[in-house]
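Peer 1:
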Amino acid sequence: MPVRFTILGSGSRGNCAYLETETTRLLIDAGFSARQIQQRLAQLGRTLERLDGILITHEHSDHVRALDVLSRKIQVPVYCNRLTYDAILYQQPRCRLPFHLFETGASFTVGDVEVESFSVPHDAQDPVGFLLRTAGGNVGFLTDLGHVTRLVRERVRPAHALVLEANHDLQLLQEDPKRPWSVKQRILSRHGHLSNEAAAEALSEVMSETLRHLFLGHLSQDCNRPELAHACVARQLETLGATHVTLEVASQGAPCRTLLLGNGHLPPSPEPL
Ligand SMILES: [Zn+2]
Ligand SMILES: [Zn+2]
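Counting with this note's numbering, you get residues 1 to 273 for the letters of the sequence shown.
1) Quick check: the Cα distance between residue 27 and residue 107, rounded to an integer number of angstroms?
2) Could you tell me the boundaries of the beta strand (DSSP E) in which residue 139 lies?
3) Could you give the first and the last residue of the continuous beta strand (DSSP E) run that contains residue 100?
4) DSSP has residue 19 in a bridge; who is on the other side?
5) Hey, quick one: how far does the alpha helix (DSSP H) through residue 182 stretch, first residue to last?
6) So, for residue 127: in the same chain, excluding its five sequence neighbours on each side, which residues have a beta-carbon less than 7 Å away from its beta-carbon?
7) Is it right to say residue 93 is buried, meaning 16 or more other beta carbons lie within 10 angstroms of its own, or is it exposed?
8) By the three-class DSSP mapping on this structure, what secondary structure does residue 150 have?
9) Is there at least one non-hydrogen atom of ligand 1 closer than 7 Å to the beta-carbon of residue 63?
10) Alpha carbon to alpha carbon, how far is residue 54 from residue 9? Give it in angstroms, no decimals.
11) Cβ atoms of residue 142 and residue 297: under 8 Å apart, would you say?
12) Give a single yes or no on whether residue 208 has its beta carbon closer than 7 Å to a heavy atom of ligand 1.
13) Report buried or exposed for residue 219, applying the criterion of at least 16 other Cβ atoms within 10 angstroms of its Cβ.
14) Is residue 217 closer than 8 Å to residue 3 when the C-beta atoms are compared?
15) Roughly how many angstroms lie between the CA atoms of residue 203 and residue 129, to the nearest whole one?
16) Can the beta-carbon of residue 74 be found less than 8 Å from the beta-carbon of residue 51?
17) How many Å lie between residue 46 and residue 66 at the Cα?
18) With residue 68 and residue 95 assumed to form a contact (beta carbons below 8 Å), what rounded beta-carbon distance in angstroms separates them?
19) Would residue 222 be called buried (16 or more neighbouring beta carbons within 10 Å of its own) or exposed?
20) Determine which residues share a DSSP beta bridge with residue 118 and list them.
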């Protein structure tokens with residue numbers, strides 16, 4: 001049975017992805033309302049009740065919004081580090097989900113998925129990226145980071161599928177009338193978010209023979225356009241000669257196509273919803 005991977009939605013207003021192996025069903029972040037997550041899982045024919053775990057990268061609301069309400073519907077283990085846990089409970093003191101704490105940098109298993117966590121530079125308490133190793137292939141998560149460190153590069157290199165942040169277009173951010181200068185500085189800082197240009201540059205550092213599927217995620221609603229992000233990164237893929245990599249831009253409003261990983265052969269192929 002192939003491993004199925006679906007980004008349920010990604011953008012600066014909410015992030016949530018779904019991974020399903022033969023025995024294990026996981027959410028990666030829960031940054032929509034519980035109802036939205038339920039509806040988007042239903043589009044895949046899946047339910048909240050069947051989840052085996054929720055992995056959390058960091059405590060910003062676009063990654064954890066659903067947890068409080070989810071705790072009144074289901075009892076599913078949430079995996080995060082100690083500082084993230086403290087920050088979540090500070091925001092959502094009535095959240096009653098069972099938390100399982102890991103040390104940043106540690107690996108642990110949930111069912112048949114091996115989860116590797118690693119530190120990323122971002123303005124949260126103790127933000128992490130993940131590499132999920134499954135029988136069908138490896139999925140990397142690299143959103144919410146100001147720059148790509150050597151550690152990040154090394155940890156995501158085994159990924160067959162990678163979710164990479166392309167948060168903003170530099171010019172649109174600079175021209176944005178809604179954001180004060182201080183917020184723009186924070187976004188642009190080394191603990192902020194990757195621009196389209198920075199994502200393209202990061203790609204040259206994380207590119208490998210293994211990588212087959214690249215999803216651009218966490219696009220800013222106001223300061224980016226899917227076509228700008230796509231064009232910028234597609235140019236870089238061409239420059240790198242990475243013709244073996246498919247490129248898709250994840251959207252805030254609807255799930256991506258489900259990716260089937262390791263259906264007896266690599267490269268895996270996308271499946272229409
Ligand atoms: Zn975020
Ligand atoms: Zn964040």
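Note that beta-carbon positions come from the ideal geometry of N, C-alpha and C, so glycine has one too.
Peer 2: The short version:
1) 17 Å
2) 137 to 142
3) 99 to 101
4) 5, 26
5) 181 to 188
6) 57, 58, 120, 144
7) exposed
8) helix
9) yes
10) 15 Å
11) Residue 297 is absent from the structure shown; the chain starts at 1 and stops at 273.
12) no
13) buried
14) no
15) 16 Å
16) yes
17) 17 Å
18) 5 Å
19) exposed
20) 129
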